[in-house]
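Protein chains in written order, with my numbering: chain A, -9 to 307; chain B, 45 to 594.
Right, dumping it as structure tokens:
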């Protein structure tokens, strides 16, 4: 296990380095100059040069990568050239909002999607199963931002019962939760559908296994078989998906954060990309990539928890 | 037994969610609404002692009335609080509430003309030759947060910063001919210019580069500190500065002028126009800029008030005269006659904006009212093309990938097809688009669609089409020495009528080049709650500190 964790840690470092190299190369390929994008005509050649040099853009890629990683190792993500704010602070303020949003959405999706899936699998081809199928597929196929706009129009504009924008007043937990409801539903909905379908399929598969038949023959109650023996095995592919899902939710959060004007990582990175504010893009993407890797690691560790037969790091997967 | 494991997974999930929410929600201690607190911690500790509010027991609140709060949208997150580095209108809009100038433009709900009023000065007078401007400050104007009294030294510091090569302000041009500011006594001073500078009274003193900042504060925090904190003399004090979330300014009880109507102004950054419109409809902001396409919808709804203004901008289709395909003026004439500008304007703005025929918008010095009005004439276009010895031609137009320019390009494509020109439309993201004209790569530009903003002085528009701007912002790569010298003449001429004539001459040269197809000056449109009484300049710049309510 320790060897496995060490290997994963090494992989994480490698991924981080690759992401940084890739982003630094991207800067060379993508047209657009930060100073000119931001300042328009007011960006005089001298100022443009100054900004480029402050962003390290005038240095070779390997120097950029080295400088950046060296700083990251010292816990410093850099400074925003235009506002002189520390990027640690910017990310530190934005990250919790996105983590909360992604996590709440995932929790919502799990709490709703899995029971739906189980119910469908337990009663295949019943009317409830069919309705779940229709809704699941509609949820999966409707783009997140469309759901978001509908929710906004219904609950914020028409009914005026939930807030439309922002993350809520600082220090007010109730207000924060109120601001979380619509975005997290919008983000969760397609995952509800996805998880319901996924659980249903894998559960049906498991229910055809011989050990389930054996259990049935032994006269165990259906409920016991379903929840105790079948669901746990059906869970394993879902856990893998959830690991990646958390990463993809962080990506989906970009749209949601822009639509709901939530000050999260999505908005931060989106603005930075549009302005070609490369240090922020680099730091933001690095943090998200890191979380993605960690989420996957946690998912892998969860396998062993759910199925002790799986031994990580021994090539038996 | 095993079921408990599943259960515990869910419990852990819920626990993590709460653990995440609680610290974020409770994070920094909330600021009580009625104590002005310096926004940046560093500044708070270093700020010299106190005009900090006395303890609550000393000053019993007269009445615990609800503070009047105006919540407005900023269309991007604010970048800086330093007037010398303003990036967009959203920066100025916040700065305007906290800082003052010597003179400012008057604003109102429905202004017609640009008029200056004395802001920080009791009097201000230029010398006959325009080289010396003597000002006398109001006495007893106090800086926020205990930074003492406003003096002529502050004015000297604020303006001479622009000459500082080390600071390298992108706005140094606003003070192009400033020599120095002479301090005569505590309240009096002289702005000394090396050459007369006509835009000074129009786009320097009354706009961003005319803002006066506290010398003491600026020296204390340095140029970096000024981006994140601001000490002014204005009607509002900066109270909270979280650029990505919320900026709050609160009433300055010691303001020298008339007290503003609102106790607080909250600026919320919302990038997307549609999201901002939803926020307005949901009642979460009271004032926002709206997209041209939404003007009608809000006008039809009695729950909102709408104001529209001819914008201080000029939008055009540019033709690169250095590109081999376009260097023959006949080809450019052919394109100019082939385009149906009226259709472009109608299809794009649906009645919200009018067609333009010149660079300088109406109402400004230098607007050429008698400019030729080119109408679509396919036959004439074909003739010009034949004169150039061509029957057909393949061209490309580079545009920013926005509905507005896509609509232009699609109509243009159809129009040109009829005269035998195949137009390829090349949509680009903003970052890529704004670079196409750079240096030698700008030679490859063929057609492009673009919009430039300007200040209320014609030289703000013409300065981008000088010969030295080829490869910078002059993407037409049209270089005309007469145009250049007329521009220089205009900048140093103080007589308005002479300047007007100079600019009309310049517009004629532009017209002869046949390299600009003017589309519109555009519209600035705002929607707001009906109980808000806004304050605008004639071209729709917003002065939030002069807003009131009903």
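Every residue gets a Cβ at the ideal spot worked out from N, C-alpha and C, and that includes glycine. The structure presented is a predicted model; accordingly, all values stated were derived computationally and were not measured.
Original post:
When the cut-off is 8 Å and only beta carbons count, does residue 490 of chain B lie next to chain A?
Top reply: no
Original post:
What residues of chain A sit near residue 111 of chain B, judged by a beta carbon separation below 7 Å?
Top reply: Going along chain A, no residue has its Cβ under 7 Å from residue 111 of chain B, so there is no contact; the nearest lies around 14 Å.
Original post:
Along the chain, where does the beta strand (DSSP E) that runs through residue 578 of chain B open and close?
Top reply: Element bounds for residue 578 of chain B: n/a, residue is neither H nor E.
Original post:
Quick one: what's got a C-beta closer than 6 Å to residue 130 of chain B's C-beta in the same chain, skipping five residues either side?
Top reply: 136, 252
Original post:
Closest Cβ-Cβ distance between residue 307 of chain A and chain B: below 8 Å?
Top reply: Only weak support is given to the placement of residue 307 of chain A: the predicted model assigns it a pLDDT of 40, under 50, and the value that follows is read from those uncertain coordinates. No, its Cβ sits nowhere closer than 8 Å to a Cβ of chain B.
Original post:
In whole angstroms, what separates the C-alpha of residue 481 of chain B from that of residue 21 of chain A?
Top reply: 12 Å
Subject >> Which of helix, strand or coil DSSP assigns to residue 98 of chain B >> reply: Bear in mind that a pLDDT of 37 at residue 98 of chain B, under 50, signals an unreliable position, so the model cannot answer this.
Subject >> Own chain partners of residue 352 of chain B with C-beta closer than 6 Å, once the 5 adjacent residues on each side are dropped >> reply: 567, 569
Original post:
What residue does the beta strand (DSSP E) around residue 359 of chain B start on, and which one ends it?
Top reply: 357 to 363
Subject >> Cross-strand partners of residue 227 of chain B (DSSP beta bridge) >> reply: B/233
Subject >> Members of the region 549 to 580 of chain B that neighbour chain A once the beta carbon cut-off is set at 7 Å >> reply: none
Original post:
Does any CB atom of chain A fall closer than 8 Å to the CB of residue 123 of chain B?
Top reply: yes
**OP:** Identify the contact partners of residue 59 of chain A in chain E, using a Cβ-Cβ distance below 7 Å as the criterion.
**Re:** Included in the structure are the protein chains A and B, with no chain E among them.
Subject >> Residues of its chain near residue 242 of chain A, where Cβ-Cβ distance is below 7 Å and the 5 sequence neighbours each way are ignored >> reply: 134, 177
Subject >> residue 221 of chain A, buried or exposed, once every other Cβ within 10 Å from all chains shown has been counted against 16 >> reply: buried
**OP:** Thinking residue 139 of chain A and residue 249 of chain A are a contact (beta carbons under 8 Å), I'd like their distance in whole angstroms, please.
**Re:** 7 Å
**OP:** Could you list which residues in chain A have their beta carbon closer than 9 Å to that of residue 315 of chain B, in chain order?
**Re:** 248, 251, 257, 260, 261, 264
**OP:** Please say whether residue 273 of chain A and residue 77 of chain A have beta carbons closer to each other than 8 Å?
**Re:** yes
**OP:** Please confirm if residue 75 of chain A has its CB atom under 8 Å from at least one CB of chain B.
**Re:** yes
**OP:** Check whether the region 220 to 239 of chain A touches the region 177 to 196 of chain A, counting contact only when three or more Cβ pairs, one atom from each stretch, lie closer than 8 Å.
**Re:** yes
Subject >> Reduced DSSP secondary structure (H/G/I, E/B, other) of residue 147 of chain B >> reply: strand
**OP:** Kindly say whether residue 142 of chain A, judged by its beta-carbon, lies nearer than 8 Å to any beta-carbon of chain B.
**Re:** yes
**OP:** Below 8 Å CB to CB, which residues in the same chain sit around residue 295 of chain B once its five sequence neighbours on both sides are set aside?
**Re:** 279, 280, 281, 303, 304, 306, 307, 308
Subject >> First and last residue of the uninterrupted alpha helix (DSSP H) at residue 544 of chain B >> reply: 540 to 557
**OP:** Give, in chain order, every unbroken run of the beta strand (DSSP E) that is at least 3 residues long and sits entirely within the region 262 to 286 of chain B.
**Re:** 280 to 286
Subject >> is_contact[residue 212 of chain B, chain A] using C-beta, thresh 8 Å >> reply: yes
Original post:
In three-state terms, what does DSSP make of residue 228 of chain A?
Top reply: helix
Subject >> Where residue 206 of chain A falls, given that 16 or more other Cβ within 10 Å makes a residue buried >> reply: exposed
**OP:** Evaluate residue 416 of chain B with the Cβ neighbour count: other Cβ atoms within 10 Å of its Cβ, from every protein chain shown; 16 or more gives buried, anything less gives exposed.
**Re:** exposed
**OP:** Using a threshold of 8 Å, state whether the C-beta atoms of residue 463 of chain B and residue 397 of chain B are closer than that.
**Re:** no
Original post:
Regarding residue 243 of chain A and the ligand ATP, is the C-beta to nearest heavy atom distance less than 7 Å?
Top reply: By its list of ligands, the structure shown contains no ligand whatsoever, and the ligand ATP lies outside what it can speak to.
Subject >> Close beta carbons around residue 535 of chain B, own chain, < 6 Å, minus the five adjacent residues each side >> reply: 242, 503
Subject >> Cα-Cα separation, residue 554 of chain B to residue 75 of chain A >> reply: 44 Å
Original post:
So what does residue 442 of chain B bridge to, in DSSP terms?
Top reply: B/470, B/492
Original post:
Roughly how many angstroms separate the alpha carbons of residue 291 of chain B and residue 311 of chain B, rounded to a whole number?
Top reply: 5 Å
**OP:** Can you have a look at residue 101 of chain B and say buried or exposed, based on whether 16 or more other CB atoms are within 10 angstroms of its CB?
**Re:** Its pLDDT being 39, under 50, residue 101 of chain B is placed unreliably in this model, and the value from its coordinates should be taken loosely. By the 10 Å Cβ count, residue 101 of chain B comes out exposed.
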